[in-house]
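For reference, the structure is listed below as structure tokens.
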Amino acid sequence: MSQAFDVIVIGAGPGGYIAAIRAAQLGLNTACIDASQNDQGGAAPGGTCTNVGCIPSKALLQSSEHFEQATHWADHGITVAGVQIDVAKMQARKSAVVRQNNDGIQYLFKKNKVRFFHGRGSFVQAVEGGYRIAVQALAQGAAPELLTGKQIIVATGSSARALPGTPFDEERVLSNDGALRLAAVPKRLALIGAGVIGLEIGSVWRRLGAEVTILESLPTFLGAVDEQIAKEAKKAFDKQGLAIELGAQVGQVSVGKKGAQAVHIAYTDAKGQAQALDVDQLIVAIGRVPNTQGLNAEAVGLPLDERGALVVDADCKTPVPGIWAVGDVVRGPMLAHKAEEEGVAVAERIAGQHGHVNLGTIPWVIYTHPEIAWVGRSEQQLKAEGIGYRAGVFPFLANGRARALGDTAGMVKMLADAGTDEILGVHIVGPQASELIAQAVLAMEFKASSEDIARICHAHPTLSEAIKEAALAVDKRTLNF
Ligand code: FAD
Ligand code: NAI
1 MSQAFDVIVI
11 GAGPGGYIAA
21 IRAAQLGLNT
31 ACIDASQNDQ
41 GGAAPGGTCT
51 NVGCIPSKAL
61 LQSSEHFEQA
71 THWADHGITV
81 AGVQIDVAKM
91 QARKSAVVRQ
101 NNDGIQYLFK
111 KNKVRFFHGR
121 GSFVQAVEGG
131 YRIAVQALAQ
141 GAAPELLTGK
151 QIIVATGSSA
161 RALPGTPFDE
171 ERVLSNDGAL
181 RLAAVPKRLA
191 LIGAGVIGLE
201 IGSVWRRLGA
211 EVTILESLPT
221 FLGAVDEQIA
231 KEAKKAFDKQ
241 GLAIELGAQV
251 GQVSVGKKGA
261 QAVHIAYTDA
271 KGQAQALDVD
281 QLIVAIGRVP
291 NTQGLNAEAV
301 GLPLDERGAL
311 VVDADCKTPV
321 PGIWAVGDVV
331 RGPMLAHKAE
341 EEGVAVAERI
351 AGQHGHVNLG
361 TIPWVIYTHP
371 EIAWVGRSEQ
381 QLKAEGIGYR
391 AGVFPFLANG
401 RARALGDTAG
411 MVKMLADAGT
421 DEILGVHIVG
431 PQASELIAQA
441 VLAMEFKASS
451 EDIARICHAH
461 PTLSEAIKEA
471 ALAVDKRTLN
481 F
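First residue of the sequence shown: 1, per the UniProt record's numbering; consecutive thereafter.
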């Protein structure tokens with residue numbers, strides 16, 4: 001017998017579970033289907049972000065940061081002898097953090113009366129007033145359950161892209177999943193792709209003692225980031241010993257038996273010279289592909305774009321009436337908070353309200369040390385678009401709190417329209433950039449000018465004073481630099 005819902009959400013990552021909760025809050029009878037499972041085969045709602053993305057990576061970044069910091073405490077007069085890392089314990093802590101998040105989502109579903117189905121969802125057919133969806137339980141031999149929904153939200157996320165001809169085995173050739181589960185610190189580790197995952201996960205294992213090389217095909221480092229900020233970040237990573245080779249064209253990857261230097265990578269360097277790298281393990285982080293396989297999207301005529309993403313309009317509506325899609329499975333940045341915003345907006349639109357997502361003020365953060373964060377346009381983008389601007393830069397070296405923290409690498413850069421002074425972009429490399437960027441997002445959402453920020457009282461001594469000083473720098477009147 002088919003069970004009927006107002007809204008069925010396929011996928012319980014940040015896009016899907018948030019959409020389901022918001023739909024239920026708005027009085028819609030809502031179901032959410034998710035296929036992720038934990039090590040015991042149980043349900044693990046939360047998607048890539050909770051299980052193999054944002055949350056476990058930040059847990060490991062924190063552990064490895066503590067480990068590295070402990071070796072630097074001598075400056076504070078603190079001597080710690082024999083600092084060691086117990087990788088099994090670190091991983092157990094990470095898994096506990098992940099589980100807390102999985103449990104939290106299950107609790108929220110109950111609280112908001114969202115019906116949760118653990119299994120794989122797929123379209124069966126359009127029916128009168130909606131769509132029939134099958135839920136295939138993951139246990140072998142189980143018969144699928146049939147649901148009908150008046151409105152469907154697809155939030156199936158994305159998966160790691162493999163190098164052509166080198167599939168993931170999660171032992172020697174790792175995706176983000178295996179990279180976050182390593183049972184021991186590899187002696188030599190290679191990463192392909194100096195993007196967000198390459199830098200974050202590369203940092204974790206370098207801090208714990210691995211010799212890390214990152215091979216990046218592009219000649220520029222972090223091309224999407226403001227050039228001045230990317231240059232400053234690269235300087236810091238070079239100093240840390242994170243070896244980043246730009247302009248490296250990877251050729252043959254040979255995978256031998258498990259053990260020391262099991263992976264041989266042949267590549268051509270930026271000068272066109274043939275090179276080779278032998279490592280214990282290889283992490284491939286060259287972007288992600290939208291998850292549409294197994295959805296049976298053809299049954300209802302859902303089109304895909306050239307990247308394999310579901311086609312949606314600015315409101316996350318697919319061309320098929322009553323079917324919506326949000327998060328990594330559609331266009332736009334593959335970020336958890338972007339997926340969440342879209343999930344809320346779609347639920348509100350289904351309920352007849354006016355959901356709103358401003359893709360122009362979505363913040364980006366790279367959780368390395370120093371952290372990198374930005375919102376809005378970079379200097380190179382403004383130049384390319386021919387927009388007149390004024391730039392203000394303030395280095396953390398001139399910020400009292402950063403000096404007290406002993407964390408002075410980096411800067412805040414603010415870009416404001418030359419005519420109206422409206423803030424067009426804020427770029428930060430430095431301590432707590434992930435938290436500081438929220439002030440810039442808020443300012444931009446309210447269409448603040450740099451003068452507005454320059455005239456707002458900021459507590460002293462705080463890192464956020466660097467944002468006020470960068471705003472003052474736009475008008476060439478910094479007080480502390
Ligand atoms: P997902 O989180 O991918 O969730 C989709 C869910 O749908 C999954 O549970 C999947 O199993 C399920 N599913 C797929 N197909 C079906 C089906 N047919 N039936 C049922 N269920 C299905 N973003 C940030 O903003 N900040 C970060 O710090 C950050 N760190 C990251 C670190 C790593 C290592 C990685 C890989 C990603 C990181 N991201 C981060 C990106 C973030 O994880 C994604 O942008 C986000 O998870 C996308 O959310 P989503 O809901 O669209 O999809
Ligand atoms: P990415 O797009 O950030 O970086 C991939 C990098 O690999 C690029 O620099 C690209 O030029 C390079 N590359 C592609 N093919 C290559 C090849 N054959 N050889 C060498 N280099 C190659 O993708 P990544 O790091 O896989 O992360 C995927 C996405 O997940 C991110 O774009 C982001 O949306 C999300 N994410 C977000 C995080 C955050 O918000 N802090 C953390 C981690 C992931």
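Note that the Cβ used here is the ideal one computed from N, Cα and C, for glycine as well.
Does the beta-carbon of PHE446 have 16 or more other beta-carbons within 10 angstroms, so that it is buried, or is it exposed?
With fewer than 16 Cβ atoms within 10 Å of its Cβ, PHE446 is classed as exposed.
Which value, in whole angstroms, describes the spacing of the CA atoms of GLN273 and ILE153?
One C-alpha to the other measures close to 49 angstroms.
Which residue wins for smallest C-alpha separation from SER449, given the options GLY193, THR462, VAL426 and HIS458?
Of the candidates GLY193, THR462, VAL426 and HIS458, the one whose C-alpha sits nearest the C-alpha of SER449 is VAL426.
Name the DSSP bridge partner or partners of ILE283?
LEU174 and LEU191.
Would a C-beta distance cut-off of 7 angstroms place PRO290 and SER175 closer than the cut-off?
No, the pair does not count as a contact, with Cβ atoms beyond the cut-off.
Cβ-heavy atom distance between HIS337 and ligand 1 below 6 angstroms?
Yes - ligand 1 has a heavy atom lying nearer than 6 angstroms to the Cβ of HIS337.
Taking buried to mean at least 16 other C-beta atoms within 10 Å of its own C-beta, is ALA139 buried or exposed?
By the neighbour-count rule (16 or more Cβ atoms within 10 Å), ALA139 is not buried but exposed.
Within a Cβ cutoff of 8 angstroms, which residues of the same chain sit near ALA443, ignoring the five residues on either side of it in sequence?
Closer than 8 angstroms at the Cβ level, and outside the excluded window around ALA443, lie ILE423, VAL426, ASP452 and ILE453.
Quick one: what's got a C-beta closer than 7 angstroms to VAL127's C-beta in the same chain, skipping five residues either side?
The residues are THR148.
Do VAL212 and LEU180 have their C-beta atoms closer together than 7 angstroms?
It is not a contact, given that the beta carbons lie outside the stated cut-off.
Find the nearest neighbour of ALA160 within the set PRO321, VAL196, GLY343 and PRO395, judged by alpha-carbon distance.
The candidate whose alpha carbon is nearest that of ALA160 is VAL196.
Could you check whether the Cβ of residue 490 sits closer than 6 angstroms to any heavy atom belonging to ligand 1?
Nothing about residue 490 can be reported from this structure: the residues present for the chain run from 1 to 481 only.
Count Cβ pairs between the segment 346-353 and the segment 61-74 that sit closer than 8 angstroms; are there 3 or more?
No contact exists between the segment 346-353 and the segment 61-74.
Would a C-beta distance cut-off of 7 angstroms place VAL300 and PHE123 closer than the cut-off?
Contact: yes.
Could you spell out the range, first to last residue, of the alpha helix (DSSP H) harbouring GLN106?
87-112 is the span of the alpha helix (DSSP H), which, as asked, contains GLN106.
If you count every other CB in all the chains shown that lies within 10 Å of the CB of LEU146, and 16 or more means buried, which is it?
Classification of LEU146: exposed, given that the 10 Å Cβ count is below 16.
Output the distance between the C-alpha atoms of ALA373 and ILE428, rounded to the nearest integer angstrom.
Rounded to whole angstroms, ALA373 to ILE428 spans 5 angstroms at the Cα level.
Between PRO395 and ligand 1, is the CB less than 6 angstroms from at least one heavy atom?
It does not: the Cβ of PRO395 is nowhere closer than 6 angstroms to a heavy atom of ligand 1.
Closer than 6 angstroms: is that where the CB of GLU36 sits relative to any heavy atom of ligand 1?
In the sequence on display, residue 36 carries Ser and not Glu. Yes, Cβ of SER36 sits closer than 6 angstroms to a heavy atom of ligand 1.
Which of the three DSSP states is assigned to PRO290 in this structure?
Strand at PRO290.
Out of CYS32, VAL98 and THR71, state which residue places its alpha-carbon closest to the alpha-carbon of ASP39.
For the residues CYS32, VAL98 and THR71, the minimum Cα distance to ASP39 belongs to VAL98.
Taking contact to mean at least 3 C-beta pairs separated by less than 8 angstroms, is the segment 362-372 in contact with the segment 192-207?
With the cut-off at 8 angstroms, the segment 362-372 and the segment 192-207 touch.
Just to confirm, is the Cβ distance from GLU227 to LEU246 under 7 angstroms?
Cβ atoms of GLU227 and LEU246: not closer than 7 angstroms.
Got a sec? Which residues, its chain only, sit under 6 angstroms from PRO303 by beta carbon, not counting five neighbours each side?
VAL311.
Hey, would you say the C-beta of SER203 is under 6 angstroms away from at least one heavy atom of ligand 1?
Not so, every heavy atom of ligand 1 lies at least 6 angstroms from the Cβ.
Compute the Euclidean distance between the alpha carbons of VAL329 and ALA31, then round it to the nearest angstrom.
Near 19 angstroms, if we compare the C-alpha coordinates of ALA31 and VAL329.
Return yes when at least one heavy atom of ligand 2 lies under 6 angstroms from the C-beta of ARG188, else no.
The answer is no for ARG188.
When you compare only the Cα positions, how much space is there between TYR17 and ALA339?
Answer to the nearest angstrom: the Cα atoms are 10 angstroms apart.
Taking the continuous beta strand (DSSP E) assigned at ARG115, which residues delimit it?
Run containing ARG115: 115-118, per the beta strand (DSSP E) assignment.
Unbroken beta strand (DSSP E) runs of length 3 or more, entirely within the segment 392-434: which are they?
Whole beta strand (DSSP E) segments, 3+ residues: 411-417 and 423-430.
With a threshold of 6 angstroms, establish whether the CB of CYS49 neighbours any heavy atom of ligand 1.
At least one heavy atom of ligand 1 is nearer than 6 angstroms to the Cβ of CYS49, so yes.
For LYS257, which of helix, strand or coil comes out of DSSP?
In the structure shown, LYS257 sits in coil (DSSP, three-state: anything other than H, G, I, E or B).
Mapping the DSSP letters down to three states, classify TYR131 as helix, strand or coil.
Strand, per DSSP.
Can ASN176 be considered in contact with ligand 1, in the sense that its beta carbon sits closer than 6 angstroms to one or more heavy atoms?
Yes; taking the cut-off as 6 angstroms, the Cβ of ASN176 has a heavy atom of ligand 1 nearer than that.
Is PRO14 near ligand 1 - that is, is its Cβ less than 6 angstroms away from at least one heavy atom of it?
Yes; taking the cut-off as 6 angstroms, the Cβ of PRO14 has a heavy atom of ligand 1 nearer than that.
Can you check which of these residues, GLY141, ALA473 and ALA155, is closest to PRO45 by C-alpha distance?
Here the closest residue by C-alpha is ALA155.
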